Amino acid sequence: MKEFNVYFEPVDVERIRAKVKPRSIFFETHFNEGRGLPDLDDCQIAIIGLTENRNCDANNGHDLAPQKIREEFYDLYRSEHVLSIADLGDLKPGEKIIDTIAAISTITNELMKLKVIPVFIGGPQYLTFGIYKAFEQIEKAVNITTVDPKFDLGLLETDLKSDTYLSKIIMGDPSYLFNYINIGHQTYLTEPHQLHLMDRMYFETQRLGEVANDISKTEPMIRASDIFSFDLSAIRMSDLPSNSLALPNGLYGEQACQMMRYAGLNENLKAIGLFEFNPNKDVNGQSAKLIAQMIWCFASALVSRTKDLPRMSKSNFLKYKVNLKEKHDIVFYKSKLTDRWWMEVPYPEKEKETYKKNELVPCTYEDYLEASSQEMPIRWWRSFQRLSEQI
-2 MKEFNVYFEP VDVERIRAKV KPRSIFFETH FNEGRGLPDL DDCQIAIIGL
48 TENRNCDANN GHDLAPQKIR EEFYDLYRSE HVLSIADLGD LKPGEKIIDT
98 IAAISTITNE LMKLKVIPVF IGGPQYLTFG IYKAFEQIEK AVNITTVDPK
148 FDLGLLETDL KSDTYLSKII MGDPSYLFNY INIGHQTYLT EPHQLHLMDR
198 MYFETQRLGE VANDISKTEP MIRASDIFSF DLSAIRMSDL PSNSLALPNG
248 LYGEQACQMM RYAGLNENLK AIGLFEFNPN KDVNGQSAKL IAQMIWCFAS
298 ALVSRTKDLP RMSKSNFLKY KVNLKEKHDI VFYKSKLTDR WWMEVPYPEK
348 EKETYKKNEL VPCTYEDYLE ASSQEMPIRW WRSFQRLSEQ I
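Anchor point for the sequence shown: position 32 equals 29 in my numbering, and the numbering is continuous, going up by one each time.
Below is the structure:
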């Protein structure tokens, strides 16, 4: 990674040091202080600030976001378990937006090789496109989960913007997107034809009301992702006011932190981004504090991982086989360590290498009960249809 030092602006470490408490996370983090990128050996996450501010007319003001988040995050105490964190600094915006996208893609790709999870902070959500491009580089199928109050769909011909970028991922050719999940959409902000599109493509969505009823239902949706992209405007204005597009309804701060914890426990996660923080709209640093706590929840969960993927060790799982009248046998696995559930979805043998990770779909106990009652779980059906369409 040393050769990528030119991509980054170093962290203003002394400014942060003057504001943090003794024994805080700051003193256990490896920073880019201007003498080159820190050593990533044994590091688990790499924090990367994004200051790109173009094509953000509706929420302009991202350039100071990473610094404000850092000041709050590094003032927190570490969790009981030690986590090795590197802060690479702020990624310099490219001459054009497409250059910034290319840089994000390259850095994500390099960090994936090192098994280090990049945590992108700041910037507009359309930069998720750069993270996706890292998978396109290696021609690997990817699952994306977003938290967003609406679907960011638009015409392919439009410029890359946060309210349309998703179309370039879903409709791109070639597309390496296997599954897309959105959590927290608000129906009155969502065009009906967009919901129909999600259904036709067998993607999974969960509206805000469903999240509010039971936050734990988001866990398998987040566990299914390689990329987790959080549009902070999905959090209600009273909890996170720092967004020109902030809404009166949305997630509570505690719910956002819980979802970040689910992301940290996800063994498959390759990259995460927290986007659309505008410090110019913040009130007494409230939003920056919440974002810092969200990152803390993610990091503390990451060191609590149990490596309970069925493909890692079948001995830690209970296996259940359900025979449906439709002549489909569905095999479920329940972790003895965490009580989490998965189900097997068959795929054509010739596609096995490309979609290997998708043979086991994260699910819930309710999916198992549904199958036991001779009802086809919709999550299984959607996965089966997506695999069939890839042939």
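Just so you know, even glycine gets a beta-carbon here, dropped at the ideal spot from N, CA and C.
Keep in mind it's a predicted model, so treat the numbers as computed, not measured.
Residue j and residue i - do their beta-carbons sit closer together than 8 Å?
i, j, result
"residue 376", "residue 201", "yes"
"residue 297", "residue 261", "yes"
"residue 207", "residue 259", "no"
"residue 99", "residue 88", "no"
"residue 172", "residue 150", "no"
"residue 49", "residue 121", "yes"
"residue 119", "residue 66", "yes"
"residue 270", "residue 227", "yes"
"residue 97", "residue 148", "no"
"residue 127", "residue 102", "yes"
"residue 361", "residue 335", "no"
"residue 272", "residue 37", "no"
"residue 243", "residue 176", "no"
"residue 316", "residue 330", "yes"
"residue 192", "residue 246", "no"
"residue 46", "residue 63", "yes"
"residue 111", "residue 299", "no"
"residue 104", "residue 4", "yes"
Keeping to the same chain, check which residues put their C-beta closer than 6 Å to that of residue i; ignore five residues upstream and five downstream.
i, result
"residue 42", "82, 114 and 116"
"residue 179", "143, 145 and 202"
"residue 286", "69"
"residue 442", "Residue 442 lies beyond the range of the chain shown here (-2 to 388); nothing can be said about it."
"residue 374", "364, 367 and 368"
"residue 58", "275 and 277"
Quick one: what's got a C-beta closer than 7 Å to residue i's C-beta in the same chain, skipping five residues either side?
i, result
"residue 219", "142, 225, 256, 259, 260 and 263"
"residue 320", "326"
"residue 332", "305, 313 and 314"
"residue 109", "131 and 267"
"residue 156", "52"
"residue 289", "66, 69, 70 and 73"
"residue 371", "321 and 322"
"residue 239", "274, 275, 276, 278, 279 and 284"
"residue 139", "129, 132, 173, 174, 175, 223 and 224"
With which residues is residue i paired in a DSSP beta bridge?
i, result
"residue 314", "332"
"residue 272", "228"
"residue 356", "Looking at the DSSP assignment, residue 356 forms no beta bridge with any residue, so it has no partner."
"residue 6", "87"
"residue 43", "83 and 115"
"residue 74", "21"
"residue 162", "150"
"residue 177", "141"
"residue 28", "84"
"residue 319", "327"
For residue i, name the three-state secondary structure that DSSP assigns.
i, result
"residue 257", "helix"
"residue 144", "strand"
"residue 263", "coil"
"residue 123", "helix"
"residue 305", "coil"
"residue 98", "helix"
"residue 83", "strand"
"residue 394", "In the structure as shown, the chain begins at -2 and stops at 388. Residue 394 is therefore absent and cannot be evaluated."
"residue 155", "coil"
"residue 34", "coil"
"residue 200", "coil"
"residue 135", "coil"
"residue 340", "strand"
"residue 182", "strand"
"residue 326", "strand"
"residue 438", "As displayed, the chain neither begins before -2 nor continues past 388, which places residue 438 out of reach and without an answer."
"residue 368", "helix"
"residue 59", "coil"
"residue 299", "helix"
"residue 373", "coil"
"residue 168", "coil"
"residue 92", "coil"
"residue 106", "helix"
"residue 68", "helix"
"residue 287", "helix"
Under 8 Å Cβ to Cβ from residue i, same chain only, skipping five residues before and after it: list those, please.
i, result
"residue 160", "55, 147, 149 and 151"
"residue 23", "13, 14, 17, 71 and 72"
"residue 74", "18, 20, 21 and 22"
"residue 249", "232, 233 and 236"
"residue 35", "27, 28, 29, 83, 84 and 85"
Within 8 Å, do at least three Cβ pairs link the segment 12 to 24 to the segment 53 to 61? no
Quick test of the definition: if touching needs 3 or more C-beta pairs under 8 Å, does the segment 327 to 347 touch the segment 359 to 371? yes
Any chance the segment 275 to 290 sits against the segment 307 to 315, with 3 or more Cβ pairs inside 8 Å? no
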